[in-house]
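Engineer: A single structure is presented below for examination.
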Amino acid sequence: MANTAATQTTAAPHAAYESGLWSWIATVDHKRIGTLYLFTALFFFLFGGLEAFLMRLQLAQPNGHVVSAELYNQLFTMHGTTMVFLAIMPLSAAFFNYLIPLQIGARDVAFPRLNAFSYWVYLLGAIFITVPIFFELAPNGGWFGYAPLTTIQFSGGLNIDFWVMGLQILGISSLAAAFNFITTIINLRAPGMTLMRMPMFTWMSFIVQFLLILAFPAITVALVFLLFDRFFGTNFYTLAAGADPLLWQHLFWIFGHPEVYILILPAFGLVSEILPTFSKKPLFGYHVMVYSGIMIGFLGFGVWAHHMFAVGMGATADAIFAMATMLIAIPTGVKIFNWIATMWAGEVSFTTPMKFAIGLLALFTIGGISGVMHSSAPADTQQTDTYFVVAHFHYVLFGGSIMGIFGGIYFYFPKMFGRYMSESLGNWHFWLNFIGMNLTFFPMHFSGMLGMPRRIYSYDAGQGWEKFNMASTIGTVLLIIATLIFVINFLKSRKGGSVAPNDAWGAGTLEWSIPSPPPDYNFAQIPTVTSRYPLWDLKHPEMTSDISHASPDAATVADAHAAPMHEETGGKTAAELGIPMPFSTLKPLFAALGLVIMFAGLLFMHTDKFALAMTTTIGGAALLIGSLYAWLTSPLE
Amino acid sequence: MANAHAAESASHAHEHVHEHVHEHVHYTTTGLDHKKIAIWAFIGSECMLFISLISTYLIYKGRSVVGPFPHEAWTSPSGQLFAPILNIPVTSASTFVLLMSSLFMVLALEAVEHKGNPAYANNIRGNSKFWLMATAIAGATFLGFQAYEFTSFVHEGLTIRTNLFGSSFFTLTGFHGAHVTVGVLWILTLFAMDYSRGLTKKDTVLVDICALYWHFVDVVWIAIFTLVYLIK
């Protein structure tokens, strides 16, 4: 064990920071950072939902007067931006943070302070991009921000500047987190945790991190060009100078399509944990699930131009991208069938997380099928920019990502807070959500087919769109009630739910072997992993009899029994167990603050305050560099 | 050299296993340092960044409405004559300097890896401070060449606002120059550490990740030099 002198120096600061606001601001613990991500992202999920609700109120009837055209533009831009970058991605990040180290048998991520930095950059970036809407200054060019529309010539004012800088900031957060998780998954797996024994959530997260690091640079470059055009007068999107009006679209969708899989694969991973647990069967076709996930990620980089069928790329390009898009349906379909086969002949119990997981299967399949319809270029040219597309991507993002994430929250809540969420409220939440979701988005297929365009702030009566729009608006009311029930359930259950044991649901993976909530060091003793379901190997060997236990390092079930993984720690602290823990620190927060101030300073350039802009930007950069220097020269633990 | 390096990392892996048994810390699945894996992931991401920048330059090649142009002479409507703007002999020299800096970096890494090896003591091969400073000076020289190039282009009438060539050229090479600048500062930091406390064999990974970054920045320059300067 570690020498006592080191133990004492690490123990002292920890004792002081165990609870209260300070302990959260200075934390580098992956579980606390995951919890921070969860709360922040849920807040922005509610905020983005409110933006959508205002739009639905406006569209409930023809010629609505709830919001102005300008505010409507800001609402649809910020609804998309919020849901993609501030809600679903960080909700996934909450699970990455909380679960990856627990699932692979690690005490923390590879770079705990970088992890804190990612969170603070996300939070500050989210505030940066959200606050302008209170001053009607929010971005108004759509979540895709098509240039040349977003160049200074067509979109003066600060609105687009907030969007450009905000996305750059959020991109830095995602990239920093991705480098961290890739390193964590490659390098911090417990003995016996081979790649092909990793829980499916960790696998899908692993793939997502690669998508992040390879896709984000494309939008970074597109945004840099736009920023330079807007601030320094370059010509990247100036058509008069010979620029290509499709440059932005290509760069954006080279990022944007992998982004779709960045949003859905974590939910797929959560569902792949939930279904085996409540079917009491190992996941069907584990290897194929891994390979199909990799295949989806790989093909995801070759289909971006199916977002651009309407721009006239020519028959060859259209045909190639159409076929590549159709190919993606294969690995995705494989996953759906494997999940069904996992439930087949299992002892299925319909708990709330299970309902959400099955809900994902059903709703994502509908969205997937309308996606295959879009892959045909001639069909897509009819559907593009109509509500049919809105229906499609809400079935995959709400019906897929959000259902999976809700399932994940109900499933992992007992692990995170030591108590179950209420099943009866969960039941209400699920059914209202399920009905509300279908009532909101299914009619959009029809209004879209009848030609209703996206992003219009009002429409005339007599085009056959009225009843579909009214139905959608009523659906959003149900969604709001459902979400309120969830919020009440979530907040009440943290203190009032029934107490959960270590293994709250009888699941088979490592995170369920340790106390709920886990101690700050996670594992008193790093476990030895015997198969894909090490906990079932100990408790229900009959359930894992037909999965592989062969291992290059010969970790066997007997080894696991010799070193039981769910060792009772009796509430001992890390110091008592001699486990060195990272120090709490504010340096990542200051670094994040410096980064955001640096970007924010540039905004003053557009208000003709050049000196102020330079002072703020250089001040921010100095704070960033100073914090980084202090961070890198101080010891971790 | 390669064999020595492999043996080195193998012995590191061995050390890590022992550390795990005795004191919990620094156990890693692969036996490699976390930083080593993270820098490769970072370089993968940077590849996509430069691919996007270089692709844009190539897509916009020949699309500028007004001069100056990289490889062709141009007469403006006001009758002003512009020669082809890229100066290949000067840039060849700066490219050579940058490539030499990669060699110095390899030697700096070798020197740090062999700290404590008598064969390297008291001779130039073991002098990590010398090789680190040589690398930094070569990198700074490359930046000097770039500053000269940018200034002379501006004097010849090409700014980042002039045309598509100016926008895409200055952005691409400017991004590369910023990466070189970060690299030079990183190497100087290593030099300062070496100067103040002396780098030891245990610091190999710190030099190693810096070297990987530096070589990557060099490789990107080879792509830029070929695609932007050499191919007409």
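As given, the protein sequences belong to chains A and B, one line each in that order.
Quick note: the first sequence uses this note's numbering, first residue 94, plus one each step.
Quick note: the second sequence uses this note's numbering, first residue 419, plus one each step.
Built from N, CA and C at the ideal position, the CB exists for glycine as well.
Values in this document were obtained by computation on a predicted structure and should not be read as measured data.
Quick check on the DSSP output: what are the complete alpha helix (DSSP H) runs of length 4 or more inside the stretch 348–394 of chain A, in order along the chain?
Structural biologist: With a minimum length of 4 residues, the continuous alpha helix (DSSP H) runs that stay inside the stretch 348–394 of chain A are 379–392.
Engineer: Can you say whether Pro728/A is buried or exposed, counting buried as having 16 or more other CB atoms within 10 angstroms of its CB?
Structural biologist: With fewer than 16 other Cβ atoms within 10 Å, it is exposed.
Engineer: Could you name the residues of chain B that Thr313/A contacts, counting a contact when the two beta carbons are closer than 7 Å?
Structural biologist: The answer, in chain order, is Leu467.
Engineer: Which residue comes first and which comes last in the alpha helix (DSSP H) that contains Phe443/A?
Structural biologist: That residue, Phe443/A, is in no alpha helix (DSSP H); it is neither H nor E in DSSP.
Engineer: Based on DSSP bridge pairs, tell me the residues matched to Trp492/B.
Structural biologist: Answer is Phe500/B.
Engineer: Among Leu476/B, Ile477/B, Met523/B, whose alpha-carbon lies nearest the alpha-carbon of His633/B?
Structural biologist: Taking only the C-alpha atoms, the option nearest His633/B is Met523/B.
Engineer: Roughly how many angstroms lie between the CA atoms of Asp254/A and Gly449/B, to the nearest whole one?
Structural biologist: Each residue's Cα considered, the two are about 45 Å apart.
Engineer: In terms of alpha-carbon separation, which member of Thr276/A, Ile193/A, Tyr722/A lies closest to Ala684/A?
Structural biologist: Of the candidates Thr276/A, Ile193/A, Tyr722/A, the one whose C-alpha sits nearest the C-alpha of Ala684/A is Tyr722/A.
Engineer: For a test of the three-state rule: what should DSSP assign to Ala484/A, helix, strand or coil?
Structural biologist: In the structure shown, Ala484/A sits in a helix (DSSP, three-state: H, G or I).
Engineer: Using only the alpha-carbon positions, how far apart do Ile578/B and Gly584/B sit?
Structural biologist: Their Cα atoms are separated by approximately 5 Å.
Engineer: Got a sec: is the Cβ-Cβ distance from Phe506/A to anything in chain B below 7 Å?
Structural biologist: No, its Cβ sits nowhere closer than 7 Å to a Cβ of chain B.
Engineer: When the cut-off is 7 Å and only beta carbons count, does Val572/B lie next to chain A?
Structural biologist: By this cut-off, Val572/B is not an interface position.
Engineer: Would you mind sorting Ala398/A into buried or exposed? The rule is 16 or more other CB atoms within 10 Å of its CB.
Structural biologist: Ala398/A comes out buried.
Engineer: The alpha helix (DSSP H) with Pro241/A in it runs from where to where?
Structural biologist: Neither: Pro241/A is in no alpha helix (DSSP H) and is coded neither H nor E.
Engineer: Just the chain B side, please: which residues come within less than 8 Å of Asn615/A by C-beta, in chain order?
Structural biologist: Neighbours of Asn615/A on chain B: none; closest Cβ ~13 Å, over 8 Å.
Engineer: Using a Cβ-Cβ cut-off of 6 Å (strictly less than) and excluding sequence neighbours within five positions of Gly173/A, which residues of its own chain qualify?
Structural biologist: Excluding positions up to five away in sequence, the list reads Trp236.
Engineer: Does the separation of the CB atoms of Ser723/B and Pro351/A fall below 7 Å?
Structural biologist: Past the edges of chain B, shown from 419 to 650, lies residue 723/B, and the structure says nothing about it.
Engineer: Asn581/B touches chain A at which residues, Cβ-Cβ below 8 Å?
Structural biologist: Ordered by position in chain A, the residues that pass the 8 Å Cβ test against Asn581/B are Asn328, Ala334, Gly335.
Engineer: For Leu517/B, which residues of its own chain have a beta-carbon under 7 Å away from its beta-carbon, when the five flanking residues on both sides are left out?
Structural biologist: These residues qualify, in order along the chain: Asp636.
Engineer: Under 8 Å Cβ-Cβ, which residues of chain B neighbour Leu454/A?
Structural biologist: Those do not exist, as Leu454/A stays about 32 Å from chain B at its closest Cβ, beyond 8 Å.
Engineer: Taking Cβ positions only, does Thr97/A come closer than 7 Å to chain B?
Structural biologist: Its pLDDT being 36, under 50, Thr97/A is placed unreliably in this model, and the coordinates cannot settle the point.
Engineer: Of all the CB atoms in chain A, is at least one closer than 7 Å to the CB of His597/B?
Structural biologist: Closer than 7 Å: no.
Engineer: Are the C-beta of Phe634/B and some C-beta of chain A separated by less than 7 Å?
Structural biologist: By this cut-off, Phe634/B is not an interface position.
Engineer: Hey, how far is the Cα of Phe272/A from the Cα of Ala529/B?
Structural biologist: Phe272/A and Ala529/B: Cα-Cα distance of roughly 29 Å.
Engineer: State the Cα-Cα distance for the pair Ile451/A and Leu695/A, rounded to the nearest angstrom.
Structural biologist: Cα to Cα, the separation comes out at about 47 Å.
Engineer: Could you name each continuous beta strand (DSSP E) segment of 3 residues or more that falls completely within the stretch 519–599 of chain A, going from the start of the chain to the end?
Structural biologist: Listed in chain order, nothing qualifies, since the stretch 519–599 of chain A has no complete beta strand (DSSP E) run of 3 or more residues.
Engineer: Please determine, among Trp549/B, Thr493/B, Tyr445/B, Ala456/B, the residue with the shortest C-alpha to C-alpha distance to Phe609/B.
Structural biologist: Nearest C-alpha to Phe609/B: Trp549/B.
Engineer: Which of the three DSSP states is assigned to Arg149/A in this structure?
Structural biologist: It is helical.
Engineer: Considering Ser585/B, what are the terminal residues of the alpha helix (DSSP H) in which it resides?
Structural biologist: Its alpha helix (DSSP H) spans residues 582–614.
Engineer: How far does the alpha helix (DSSP H) with Ala617/A in it extend, from its first residue to its last?
Structural biologist: That residue, Ala617/A, is in no alpha helix (DSSP H); it is neither H nor E in DSSP.
Engineer: Ignore the nearest five residues each way along the sequence and tell me which others in Ala186/A's own chain have a CB closer than 7 Å to its CB.
Structural biologist: Same-chain partners within the cutoff: Tyr130, Ala270.
Engineer: Would you mind reading off the limits of the alpha helix (DSSP H) that contains Val202/A?
Structural biologist: From DSSP, Val202/A is part of no alpha helix (DSSP H); its letter is neither H nor E.
Engineer: To the nearest angstrom, how far is it from the Cα of Pro681/A to the Cα of Ser720/A?
Structural biologist: When rounded, the distance between both Cα atoms is 7 Å.
Engineer: Candidates Lys508/A, Ser468/A, Val404/A: which alpha carbon is nearest Ile413/A's?
Structural biologist: Here the closest residue by C-alpha is Ser468/A.
Engineer: Taking contact to mean at least 3 C-beta pairs separated by less than 8 Å, is the stretch 134–145 of chain A in contact with the stretch 556–565 of chain A?
Structural biologist: Result no; under three Cβ-Cβ pairs closer than 8 Å.
Engineer: Closer than 7 Å, CB to CB, is Leu358/A near chain B or not?
Structural biologist: Chain B contact via Cβ: absent.
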